[in-house]
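Residues in the sequence shown are numbered consecutively from 1, following UniProt numbering. Following: one structure in structure tokens, then a few remarks.
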Amino acid sequence: MQHWQQPSYEPYLPVTEKSNPITRDIDRANPEEIVQMLQKCDAEIFERTSHGNPMYQTLCSSSVVQTIVEVSKRVEVILKDPEDSLIVLSGCGTSGRIAFLLATSLNRWLASHHQKQIYSYIIAGGDKALLTSQESPEDDPFLGALTLDKACVGKKHVLFIGISCGLSAPFVAGQLDFCLRNLKIITPVLIGFNPVDMARTEPIQNCSFHFKEIAERMNELQKQKKAYVLNPAVGPEAISGSSRMKGGSATKVILETILLAGHEAACNNKAITFNGILHSLNKFEKVHQITYSHTKELAALVEKAAVSLRRKGHVYYLGWQTLGIIGIIDASECIPTFGAGFEDIRGFVSNGFSEMNNKEGDLSSLGPHFIIDHKDFVHTILPNLSDNDTVIFLYSENDDLNEVSALAKSVRQHTSNLHAIAHELTGLSDPDRMRSQFMAVLTIKWPSSLHKYNPVLMKQHCELSTKWCLNAISTGAHVLTGKVYMNYMIDLRVTNSKLYRRAIHILKRFTGSTQAYCETALLRAIYGIEELSDGMSSTNVTQHTLVANERGSVVPIALVMLQSRGTIAEAKSYLDAYSVIRDAVAACQRLL
Ligand code: F6P
């Protein structure tokens with residue numbers, strides 16, 4: 001049995017919020033060890049057995065595979081009769097970004113085959129949330145339901161797939177509740193990575209239900225094939241609670257398996273079978289093995305990125321097609337995850353918003369966070385690029401390699417610190433010519449047996465592989481610059497109710513103080529006052545998170561206050577003296 005599966009291991013936390021024993025000392029690890037730890041954590045996605053623990057199902061458990069079969073058949077039905085039908089993929093944060101990526105990619109594929117585009121995506125906070133973190137809409141069940149209601153207007157058959165890795169987001173709970181009230185038209189599917197028993201029970205403001213009630217009702221309805229819950233346990237995240245990593249990857253694996261099986265059944269008459277689904281999941285496991293067989297090269301990129309961040313330089317991902325979008329997503333997630341500056345790690349994609357193909361179109365007028373085209377990189381960043389910056393190209397053999405070479409040549413005039421992650425599919429390109437353009441190229445060679453020249457599958461594999469590489473680079477670089485304590489991101493932004501609860505847990509974990517004491521310290525840090533008024537303590541969590549959104553470092557301040565029993569001003573001056581979280585925590589522990 002995995003250590004985290006034991007009933008006594010962090011018993012009050014759901015799997016997705018537990019800390020992963022594999023990465024307990026990630027903050028002391030060197031780049032190669034970091035990549036090895038991430039490899040092991042990601043391998044848990046494909047764990048075959050729950051080691052006799054009835055509490056957990058795994059991705060390959062027969063009940064999970066069977067549910068994937070059932071949902072794939074729903075996709076097949078819709079694809080065969082697309083008139084007045086819709087498949088909606090929805091989620092918050094990374095879950096919504098994965099929904100967007102799949103919906104737009106598959107719509108593009110359908111359009112290129114002169115078929116009706118039947119996919120739609122919803123992300124809490126709208127398209128802005130594709131590139132920046134918009135965490136408060138995650139708490140709004142009514143907004144979720146309203147957005148779904150609008151998407152379904154005029155439709156007679158809707159397959160709704162709501163993703164909440166933690167079985168926790170009120171936005172998704174509101175949507176699922178809406179589905180349950182409209183089962184004649186909508187079949188709801190819930191994807192997440194906790195057993196239903198561990199779904200969130202915290203009351204949702206102005207709502208008669210919480211997430212667990214919805215998940216339980218769906219579980220019941222699954223017996224009549226009216227709703228489906230897909231919730232294998234894939235183990236805790238490498239950085240506690242950071243569902244952009246395993247949660248996002250596992251969501252991608254499950255959704256792509258479902259949707260591809262549905263497409264192959266509808267378009268090629270390939271029957272959807274239990275073994276076929278298992279085979280498809282095994283292929284994704286192979287993608288994991290192939291990607292992480294490059295540990296040394298990946299570790300070298302982690303090191304380069306860390307050096308750049310330490311020198312106050314930058315990391316730039318320049319990608320083509322969806323690999324560029326994967327880069328933009330990874331970069332934008334560093335801001336809320338590690339409290340990174342927006343300039344620290346940035347992503348750009350060839351052809352910018354026309355490649356994104358998002359519902360709200362070109363968002364570049366919204367400000368610098370939305371400047372994503374290679375052309376913008378060339379105009380605004382390239383002139384000031386130096387060896388302190390790390391540039392990583394992301395491309396596959398299917399991209400316009402002349403364009404890749406031309407941009408590489410321009411970048412080389414400013415820095416030699418230029419690298420690439422390249423996917424070689426048939427070996428038909430001229431790898432030596434390409435290799436000579438970069439300081440190093442991490443070449444991932446895909447055996448044709450894996451995707452049998454199926455372009456959709458090939459693309460999905462390259463995307464997932466790139467996601468794993470970039471998650472490792474950005475996480476590893478931030479770990480090496482001291483942003484993480486053990487495997488906790490302490491300096492988290494407390495911008496919604498889930499993050500508020502996580503913050504209190506972290507304070508309890510590191511100080512041993514009571515829940516009430518930790519919450520008071522957090523509120524003092526949020527409101528910046530020593531004595532809380534009665535009104536403040538009794539205000540709802542939403543109000544606290546709105547104020548917290550405007551403040552920095554509230555959790556570290558609360559932590560130091562709890563440890564040192566000092567004032568807010570003392571805690572702040574303490575933290576100013578340390579840039580490395582572990583040092584600050586260790587030093588304030590010495591105060592006791
Ligand atoms: O609240 C922020 C966040 O934790 C993101 O990091 C994450 O992608 C999002 O919530 C969604 O979480 P979940 O998929 O568990 O609903």
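Heads up, the beta-carbon is just placed ideally off N, CA and C, and yes, glycines get one too.
*So Val484 is in the beta strand (DSSP E); what residue range does that whole segment cover?*
Per DSSP, Val484 belongs to no beta strand (DSSP E) and is neither H nor E.
*If we call anything under 7 Å between Cβ atoms a contact, is Phe160 one with Val88?*
yes
*Under 7 Å, do Phe100 and Gly144 count as touching if we go by C-beta distance?*
no
*Excluding five sequence neighbours on each side, which residues of the same chain lie with their C-beta closer than 6 Å to the C-beta of Leu38?*
Closer than 6 Å at the Cβ level, and outside the excluded window around Leu38, lie Ala238 and Ala472.
*Which one or two residues does DSSP pair with Leu86 in a beta bridge?*
Val158
*asked:* Looking only at its chain, what residues have a beta carbon closer than 6 Å to the beta carbon of Glu220, apart from the 5 residues adjacent to it on each side?
replied: none
*Have a look at Val69 and Ser242 and give me their C-alpha separation to the nearest angstrom.*
Straight-line Cα distance between these residues: approximately 29 Å.
*Look at the Cβ atom of Leu230, then the Cβ atom of Ile186, and state whether they are nearer than 7 Å.*
no
*asked:* Please determine whether the Cβ atom of Ala173 lies at a distance below 6 Å from any heavy atom of ligand 1.
replied: no
*With respect to the beta strand (DSSP E) encompassing Glu531, which residues constitute its N-terminal and C-terminal limits?*
Run containing Glu531: none; DSSP gives neither H nor E here.
*Return the chain-ordered ranges of every alpha helix (DSSP H) run that is complete within the segment 140-216 and spans a minimum of 4 residues.*
Taking only runs of at least 4 residues, the alpha helix (DSSP H) segments lying wholly in the segment 140-216 are 141-151 and 170-180.
*Are the beta-carbon atoms belonging to Asn496 and Ser90 less than 7 Å from one another?*
no
*What separation, rounded to the nearest whole angstrom, lies between the Cα atoms of Leu148 and Gly313?*
42 Å
_Distance check for Ile34 and His478, CA to CA, integer angstroms please._
11 Å
_Continuous beta strand (DSSP E) stretch holding Gly347: start and end_ = Ile345 to Val349
_If I follow the unbroken alpha helix (DSSP H) through Ile122, where does it start and stop?_
Unbroken run through Ile122 is the beta strand (DSSP E), Tyr119 to Ile123; no alpha helix (DSSP H).
*Within 10 angstroms of the Cβ of His379, are there 16 or more other Cβ atoms? Answer buried if so, exposed if not.*
Note on His379: under 16 other CB atoms within 10 angstroms of its CB, so exposed under the neighbour-count rule.
*asked:* For Glu83, tell me which candidate among Ile581, Arg28, Met245 and Lys156 has the shortest Cα-Cα distance.
replied: Lys156
_Strand pairing of Leu366, partner residues [DSSP]_ = Note: Leu366 sits in no beta bridge, so no partner.
*If you count every other CB in all the chains shown that lies within 10 Å of the CB of Met245, and 16 or more means buried, which is it?*
Met245 should be labelled buried.
*Relative to the alpha-carbon of Ala124, which residue among Val153, Pro11 and Gly174 has its alpha-carbon at the smallest distance?*
Gly174
*Could you give the distance in angstroms between the alpha-carbon of Tyr488 and the alpha-carbon of Phe338?*
Distance between the alpha carbons of Tyr488 and Phe338: 10 Å.
*Give the DSSP-derived three-state secondary structure of Ala265 in the structure shown.*
helix
*beta-carbon Ala169 near ligand 1 non-hydrogen atom, thresh 6 Å*: Checking every heavy atom of ligand 1 against the Cβ of Ala169, one is found closer than 6 Å.
_Cβ-based burial, Lys116 [other Cβ within 10 Å; buried from 16]_ = exposed
_Buried or exposed by the 16-neighbour rule on C-beta atoms within 10 Å, applied to Thr201_ = exposed
*Cα separation between Asp491 and Pro7?*
29 Å
*What are the boundary residues of the alpha helix (DSSP H) that includes Phe342?*
Membership of Phe342 in any alpha helix (DSSP H) is not indicated, and neither H nor E is assigned to it by DSSP.
*Touching or not, the segment 320-329 and the segment 452-468, by the rule of three or more beta carbon pairs under 8 Å?*
yes
_Taking 6 Å as the cut-off, is the C-beta of Glu135 nearer than that to any heavy atom in ligand 2?_
Looking for ligand 2 in the displayed structure turns up nothing; the ligands present are ligand 1.
*For Tyr316, which residues of its own chain have a beta-carbon under 6 Å away from its beta-carbon, when the five flanking residues on both sides are left out?*
Arg346 and Val391
*Report yes if the C-beta of Ser386 is less than 6 Å from at least one heavy atom of ligand 1; otherwise report no.*
no
*Would you kindly report the start and end of the unbroken beta strand (DSSP E) that includes Val315?*
Val315 to Gly319
_Boundaries of the beta strand (DSSP E) in which Tyr228 is found, first to last residue_ = Tyr228 to Leu230
*asked:* Just verifying my parser: in three-state terms, what is the DSSP assignment at Gly91?
replied: Looking at Gly91 - three-state DSSP - the assignment turns out to be strand.
_If the criterion is Cβ atoms closer than 7 Å, does the pair Leu176 and Gly166 meet it?_
no
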